[in-house]
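In this note's numbering, the protein residues as written are 12 to 302.
Just below is one structure, and these are the notes that go with it.
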C-alpha cells in the first residue's frame, strides 16, 4: 500500500472553496488534491449510550440506589388492610379502643405523694432521738437543728416543684425527673447521694425498730441476756435487724404497688404512735416513768 493511499484512508482531504461533503467522505476536484493534517479535535460521542453500555452489568447497584430498602416493603405488607378505608363507626371504635388501652395511674396523689411524705417526716428521729437531742444539746440548739432540716426540706421541695411543673413528668420517681431535667452528670451525682441517703436511712430505721422492740415493747425477747448491756443489745440488733431486712426485701420484691399498699398500714401505726405520745402527757405518772 502506497503512502498516498494511507493518507487518503486516515486523513481528511480538502480542495478549498469547492468542496462538498457527503457523510464522512470528501469529493475532491480533479487534479487538485491536498493532504490535510489529522484533526486534533475529538468528536463528542453519545454519553448516554456509553453509560447504558457500562451499566448493563451493574443492574444490582442501580436498583440499590433507586429502589427503597426491603424493610419498607415488609412494613407495608404487614400494615396492608386491603385498600379499604374504615367507616365512621369503625374509626370511632378504634379511637375508643385506643383510649381504653392507655395505662391507668396505679397510684394517686394520696397513696403516691402524701402518705410517703408523712411517713418520711414522722420517722425514727422524731420518736426516739428528739427528746434525747433536746436533753443533751438544749432547747435552743435543738431548735436550730430543726430549723436547718426544715430549710433543706423547703428548698428541695421548691426545686422539685419547679421541675415537676415545667412539663409533663413521666413515671420513674424523683431520680428520673432530676436526671432528665438537669442532665446525666448532675443527675448521676444527685442519684448517687439519693441512693446513699436511702441506704443509710434504711439501716437507721432497722436499728431503731429493734431497739424500740427490745427496750420498750418486749424485753423478754432478748436472745443474749440482759438488754441493758451494750454487748447484748448489739448482738440482738444483728439478729433481729437481719430478720427485718429480709422481710422488707421480700416486700419490695413484690413490687412498688404492694409497697404503697403496705405503706398505708404503716402510716396508721405512725398516727397511732403520735396519738399515744399526746395521751402519755396526761396519763404518765412519776411511778410509771422510766428511771
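Where a beta carbon is used, it is the ideal one built from N, C-alpha and C, also for glycine.
Around the beta carbon of residue 132, a 10 Å sphere encloses fewer than 16 other beta carbons of the protein chains shown; the residue is thus reported as exposed. Taken atom to atom, the span from the alpha-carbon of residue 138 to that of residue 245 is near 20 Å. Assigned with DSSP and collapsed to three states, residue 241 falls in helix. Taken atom to atom, the span from the alpha-carbon of residue 208 to that of residue 221 is near 20 Å.
For residue 295, no alpha helix (DSSP H) encloses it, and the DSSP letter there is neither H nor E.
Rounded to whole angstroms, the separation of the alpha carbons of residue 167 and residue 202 is 14 Å. Annotation: the continuous alpha helix (DSSP H) that includes residue 127 extends over 126-132.
Short of 7 Å from the beta carbon of residue 215, and not among the five residues preceding or following it, lie these beta carbons of its own chain, in chain order: 135. Distance from residue 171 to residue 185 at the Cβ level is roughly 7 Å; contact confirmed, criterion being Cβ atoms closer than 8 Å. The distance from the Cβ of residue 265 to that of residue 129 is about 22 Å, inconsistent with a contact at the 8 Å cut-off. Under the DSSP assignment, residue 147 falls in the alpha helix (DSSP H) whose first and last residues are 141-148. In this structure residue 233 is in contact with residue 243, their Cβ atoms being roughly 6 Å apart against a cut-off of 8 Å. Take the alpha-carbon of residue 83 and the one of residue 261: they are about 47 Å apart. Taking all protein chains shown into account, residue 189 has 16 or more neighbouring C-beta atoms within 10 Å of its C-beta and is therefore buried.
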